[in-house]
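**Student:** Submitted below is the structure of interest, expressed as structure tokens.
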Amino acid sequence: MNTECVAMLLAGGQGSRLGSLTFNNAKPAVLFGGKYRIIDFPLSNCMNSDIDVVGVLTQYRPYILNNYIGDGSAWALDQVQGGVNILPPYMGQKGGRWYSGTADAIYQNLDFIDRFDPEYVLILSGDHIYKMDYSKMLAFHKKQEADLTIAVMDVPWEDAHRFGIVNTDEEHCIKEFQEKPEHPKSNKASMGIYIFSWKELKKALLDDAGNRESEHDFGHNVIPMLHESGKRIYAYPYSGYWRDVGTVQSYYDANMDLLDTNCDFDLSDRNFRIFSNNTSRHPQFIGPQAKISNSLICDGCIVFGKVENSILSHDVVIHRKTSLKNVIVHTGAIIEDGAILENCIVGARARIKGDAQYITDPADTTPEIHVINN
Amino acid sequence: MKNAVGLILNVDGEDDSLKGFLQHRSLSTLPFGGRYRLIDFTLSNMVNSGLSHIGVIGSHKYSSLVDHLGTGKEWSLSRKTQDLSILSGSNNYHIGRLIKVNLRNLQNNRGFLDATGAEHVLIATPNLVTTFDFRNAYDIHLKNDSDITLIFKKDDPLYHLKDNDLYLEFTKNRISGLHYKREHTTGHFFAEMFFVKKSILEELLDLSERTGDWDLMDMIKYNIDTLRVFGAQHTGYIKRVNCLENYMKTSMDLLEYDIMAELFMGKNSIHTKIKDNHPTLYDDLAQVSNSIVGSGCIIDGTINHSIIFRDTQMNVDSHIQNSIIMQRCEIGRNVNLNYVVMDKDTKISDHTTLVGKPHAPIVLKKGTVI
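As structure tokens, then:
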């Protein structure tokens with residue numbers, strides 16, 4: 001078992017900006033691309049990066065997430081000693097408390113990491129869609145003899161003000177941080193993926209825990225503190241597909257990227273596969289009058305209607321005389337005879353009545369995305 | 001069903017028409033319905049009925065069976081309370097009529113029977129396409145204190161059979177005769193699933209060994225007066241796949257929504273080995289109707305009245321109808337297929353046309369490249 005680097009995956013966030021998609025479900029367990037859940041991406045990345053120990057920090061509405069992760073075997077994370085470990089908040093001798101920030105969540109699980117005594121700790125979050133071989137980032141971290149390495153990517157200049165921006169020298173050493181700056185000095189945005197040398201991380205978390213002023217957040221507190229104390233912090237340049245799916249619009253757009261032939265994010269690539277926890281379902285039944293184009297459809301679906309530029313999760317039923325265009329339908333939803341849907345997200349097990357019409361003005365190039373749940 | 005174990009037999013095709021598919025696998029692992037293997041039906045029916053110890057008799061072509069069943073995890077059979085045993089089969093030879101239940105297979109596995117503490121054995125063939133809850137039949141078996149309870153079906157036009165059916169003759173509710181001809185019977189035929197008391201099965205095995213007749217149905221027939229044989233009726237959809245023509249017809253039955261729903265969308269689902277595939281991508285130019293499609297496909301052509309298994313890729317300007325395309329096939333541009341069955345890993349290059357006949361489709365063997 002490889003314990004040189006242990007991954008800690010922050011999966012406790014509520015994801016309130018995803019609206020009703022996270023009413024009874026943690027953000028990392030929200031469906032993506034039909035059959036996947038967001039957490040499949042970091043977990044599959046771990047698998048593809050030879051990381052054998054992953055701690056998953058859960059807090060908000062964890063049932064679906066816990067159940068989905070199971071014993072981790074879907075991502076080959078079911079080693080006898082290591083594998084995936086779900087880490088909820090717990091009671092100790094002095095009582096217990098919720099995780100109050102990203103750094104606090106890791107701080108409360110120092111014992112867990114100590115058990116494996118790793119050299120490095122990889123911090124991940126459960127709200128990004130991307131493929132990344134973390135072992136390359138780890139090699140970079142070692143080569144730079146860094147205390148902390150932050151994965152960064154170039155974003156369009158006009159979007160830079162929405163991100164945490166880093167300014168580096170030619171050796172990728174980070175000289176300055178700007179959190180959502182009005183006047184960004186660079187377009188290198190932090191992707192929220194960190195590799196710490198374990199000794200430095202442990203020391204920093206103990207210091208941070210003693211600081212009453214701190215909100216115990218990596219981005220706001222721990223990393224600036226390390227920067228001020230002169231630690232070696234490097235930016236690992238990543239280029240490739242990466243999306244934050246924290247809002248309804250960004251979630252919708254990233255899903256629709258899967259239907260865009262010009263987008264280089266390929267889920268069918270056998271060399272770097274994204275795995276998920278599958279259950280047995282019947283194959284798709286496509287009825288005689290069905291019309292399907294440019295769409296992704298999962299097992300268990302029954303389609304009698306028209307589906308265009310849409311994504312259907314498992315067990316979706318599309319009745320006759322229906323029309324779906326630019327729609328994401330989650331597991332088990334039923335679209336009844338005659339319904340017409342455009343530009344919307346249908347929540348899991350929702351039932352859309354036949355007289356429902358969600359139509360947007362064709363002239364509106366950025367229509368608001370409705371989330372329909374019931 | 002605490003006091004019963006399940007046993008799934010190994011059978012071979014009744015004629016040579018399926019030979020092209022059976023070079024590297026037995027009939028039990030013939031791919032079916034977009035993602036299944038034939039044995040999934042019998043095995044899932046047993047599991048869904050509450051049997052927790054099941055033995056599967058393999059043929060000499062083991063690897064496909066072992067690969068498919070693994071530890072039985074997908075059928076919930078790899079728990080401490082439930083298990084799956086893969087048993088050794090014998091080479092079956094037959095001259096003339098095929099033996100429905102060949103006791104030679106069971107003779108090899110008396111250890112499995114000895115080891116079980118159960119008093120009843122549920123035996124079934126692996127090539128039945130049906131969903132069936134055995135619990136009701138088991139109650140009938142126990143209530144009548146039967147030695148043997150045969151599950152039967154009233155014949156109907158849906159059930160396409162070769163002339164090897166075994167018809168039952170009843171006296172009151174007890175079975176008093178077995179006939180290979182339908183004449184003078186009520187048309188109720190044996191559905192190749194039955195309960196038998198383990199003690200009776202062992203006696204019959206001893207008798208077989210002495211007489212050299214390995215056909216269990218013969219044994220029952222000759223001893224029908226002394227054995228307590230009863231029947232339990234199956235009223236749902238059931239078909240037996242044993243030749244190319246009824247493989248094709250049974251597959252195409254799934255395109256009738258009601259049959260598909262009965263088999264796959266009821267409370268008890270048919271389990272199979274899970275593959276981790278991306279969702280199927282229907283491209284801009286795809287036109288798919290009246291078909292069953294597995295996951296992991298990339299489709300850019302026209303498909304009508306066909307069954308497409310997992311991981312198939314199909315290019316633009318191609319047309320498939322009335323065909324069965326098994327796993328991981330690749331179909332080039334401007335290909336036309338009608339009444340074709342492609343086994344796994346088959347590739348068809350651009351500008352190819354293949355047209356078979358409804359009762360005699362063209363069969364492309366595993367790994368063929370055209």
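Chains B and L are the protein sequences, given in the same order.
Per the numbering used here, residue 1 is the first one in the first sequence, and the count goes up by one each step.
Per the numbering used here, residue 1 is the first one in the second sequence, and the count goes up by one each step.
All C-beta atoms, glycine included, are put in the ideal place defined by N, C-alpha and C.
Counting pairs of Cβ atoms below 8 Å between the stretch 251–267 of chain L and the stretch 348–355 of chain L, do you hit three or more?
**Tutor:** The stretch 251–267 of chain L vs the stretch 348–355 of chain L: no contact.
**Student:** CB-CB under 7 Å to B/Lys175, same chain, minus the five flanking residues each way: which ones, in chain order?
**Tutor:** For B/Lys175, where only same-chain residues beyond five positions count, the Cβ hits under 7 Å are Asn167, Thr168 and Asp169.
**Student:** If you follow the alpha helix (DSSP H) that B/His393 is in, where does it begin and where does it stop?
**Tutor:** The structure shown does not extend to residue 393 of chain B, since chain B spans only 1 to 374, so no value can be given for it.
**Student:** Which residue wins for smallest C-alpha separation from L/Phe132, given the options L/Ser251, L/Gly55 and L/Ser269?
**Tutor:** The option with the nearest alpha carbon to L/Phe132 is L/Ser269.
**Student:** Strictly below 8 Å CB to CB, what residues from chain B border L/Gly50?
**Tutor:** What L/Gly50 touches in chain B: nothing, since even the nearest Cβ is about 18 Å away.
**Student:** Assess contact between the stretch 287–305 of chain L and the stretch 286–296 of chain B, defined as three or more Cβ pairs (one per stretch) separated by less than 8 Å. Is contact present?
**Tutor:** As far as the Cβ criterion goes, the stretch 287–305 of chain L touches the stretch 286–296 of chain B, which means the pair count is three or higher.
**Student:** Assuming the contact rule is C-beta atoms closer than 8 Å, L/Gly34 and L/Ile57 should be a hit. Round their C-beta distance to whole Å, please.
**Tutor:** About 26 Å; that fails the 8 Å criterion.
**Student:** Can you tell me where the alpha helix (DSSP H) holding B/Trp242 begins and where it ends?
**Tutor:** No alpha helix (DSSP H) holds B/Trp242; the beta strand (DSSP E) holding it covers Trp242 to Asp244.
**Student:** Under a Cβ-count criterion, where at least 16 other Cβ atoms within 10 Å of its own Cβ denotes burial, should L/Trp75 be classed as buried or exposed?
**Tutor:** L/Trp75 is buried by the Cβ-count criterion.
**Student:** Where does B/Cys47 fall in DSSP's three states?
**Tutor:** Here the sequence assigns Met to residue 47 of chain B, which means Cys is not the residue at that position. Helix.
**Student:** Thinking just about the alpha-carbon of each residue, which of L/Asp276, L/Ile298, L/Trp214 and L/Ile307 is nearest to the one in L/Arg104?
**Tutor:** Taking only the C-alpha atoms, the option nearest L/Arg104 is L/Trp214.
**Student:** Between B/Leu77, B/Gly15 and B/Ile106, which lies nearest to B/Arg61 when the distance is taken from Cα to Cα?
**Tutor:** The residue with the shortest Cα to Cα distance from B/Arg61 is B/Gly15.
**Student:** Mark B/Phe272 as exposed unless 16 or more other C-beta atoms lie within 10 angstroms of its C-beta, in which case mark it buried.
**Tutor:** With fewer than 16 Cβ atoms within 10 Å of its Cβ, B/Phe272 is classed as exposed.
**Student:** Among residues of its own chain, excluding the 5 on either side of B/Gly214, which ones have a beta-carbon nearer than 6 Å to its beta-carbon?
**Tutor:** Per the sequence shown, residue 214 of chain B should be read as Ser rather than Gly. Correct list, in chain order: Asp208 and Asn221.
**Student:** If you follow the beta strand (DSSP E) that L/Lys143 is part of, which residue opens it and which one closes it?
**Tutor:** No beta strand (DSSP E) holds L/Lys143; the alpha helix (DSSP H) holding it covers Phe134 to Lys143.
**Student:** Count the other C-beta atoms from every protein chain shown that fall within 10 angstroms of the C-beta of B/Pro28, then say buried if there are 16 or more, exposed otherwise.
**Tutor:** Label assigned to B/Pro28: buried.
**Student:** Does any residue of chain L bring its CB to less than 7 Å from the CB of B/Pro283?
**Tutor:** Answer yes: the Cβ-Cβ gap between B/Pro283 and chain L drops below 7 Å somewhere.
**Student:** Name the two residues that bound the continuous alpha helix (DSSP H) containing L/Gln233.
**Tutor:** Where L/Gln233 is concerned, there is no enclosing alpha helix (DSSP H), although the beta strand (DSSP E) it sits in stretches over Val229 to Gln233.
**Student:** Check L/Met265 in the structure and name its three-state DSSP category.
**Tutor:** Of the three classes helix, strand and coil, the one that applies to L/Met265 here is coil, per DSSP.
**Student:** Looking only at DSSP bridge pairs, what is B/Ala235 linked to?
**Tutor:** Its beta-bridge partners are B/Ile150.
**Student:** Could you check whether B/Val329 and B/Val316 sit closer than 7 Å to each other, using their CB atoms as the reference points?
**Tutor:** Against a cut-off of 7 Å, the Cβ pair of B/Val329 and B/Val316 comes out as a contact.
**Student:** Taking the alpha-carbon positions, what's the B/Asn187 to B/Ile195 distance?
**Tutor:** Each residue's alpha carbon lies about 21 Å from the other.
**Student:** For the alpha helix (DSSP H) that contains L/Thr42, what are its first and last residues?
**Tutor:** Run containing L/Thr42: Ile39 to Asn48, per the alpha helix (DSSP H) assignment.
**Student:** L/Lys365 and L/Asp345 - do their beta-carbons sit closer together than 7 Å?
**Tutor:** In this structure, L/Lys365 does not lie closer than 7 Å to L/Asp345 by Cβ.
**Student:** Just how far apart, CA to CA, sit B/Arg37 and B/Lys199?
**Tutor:** Taking the straight line from one Cα to the other gives about 33 Å.
**Student:** Span of the alpha helix (DSSP H) holding B/Ala102?
**Tutor:** This sequence places Thr at residue 102 of chain B; Ala is not what is there. Where B/Thr102 is concerned, the enclosing alpha helix (DSSP H) stretches over Thr102 to Tyr107.
**Student:** Is it the case that the Cβ atoms of L/Glu169 and L/Thr185 are separated by a distance below 7 Å?
**Tutor:** Yes, these two residues count as a Cβ contact at 7 Å.
**Student:** To the nearest angstrom, report how far apart L/Lys239 and L/Ile39 are at their CA atoms.
**Tutor:** So the alpha carbons of these two residues sit roughly 13 Å apart.
**Student:** If you drop the 5 nearest sequence neighbours on each side, which residues of the same chain put their C-beta closer than 6 Å to that of L/Leu7?
**Tutor:** Same-chain partners within the cutoff: Gly55, Val121 and Ile123.
**Student:** Please report the Cβ distance between L/Phe134 and L/Ser49, rounded to the nearest whole angstrom; I am assuming they are in contact, meaning their Cβ atoms lie under 8 Å.
**Tutor:** Their Cβ separation, rounded to whole angstroms, is 4 Å, which keeps L/Phe134 and L/Ser49 in contact under 8 Å.
**Student:** Using DSSP's beta-bridge definition, name the partner residues of L/Met342.
**Tutor:** L/Met342 pairs with L/Ile325 and L/Leu364.
**Student:** Just checking my contact of B/Ile369 with B/Ile352 at CB under 8 Å: how many whole Å lie between their CB atoms?
**Tutor:** Wrong, their Cβ atoms sit about 15 Å apart, outside the cutoff.
**Student:** What are the boundary residues of the alpha helix (DSSP H) that L/Gly111 is part of?
**Tutor:** Unbroken alpha helix (DSSP H) run through L/Gly111: Arg110 to Ala115.
**Student:** Against chain B, with Cβ distances strictly below 7 Å, would L/Gly266 count as a contact?
**Tutor:** No, L/Gly266 lies away from the interface with chain B (no Cβ there is under 7 Å from its Cβ).
**Student:** Under DSSP, the alpha helix (DSSP H) around L/Val316 begins and ends at which residues?
**Tutor:** L/Val316 -> no alpha helix (DSSP H), and no H or E assigned at all.
**Student:** Just the Cα atoms here: how many angstroms apart are B/Ala105 and B/Asp364?
**Tutor:** Distance between the alpha carbons of B/Ala105 and B/Asp364: 43 Å.
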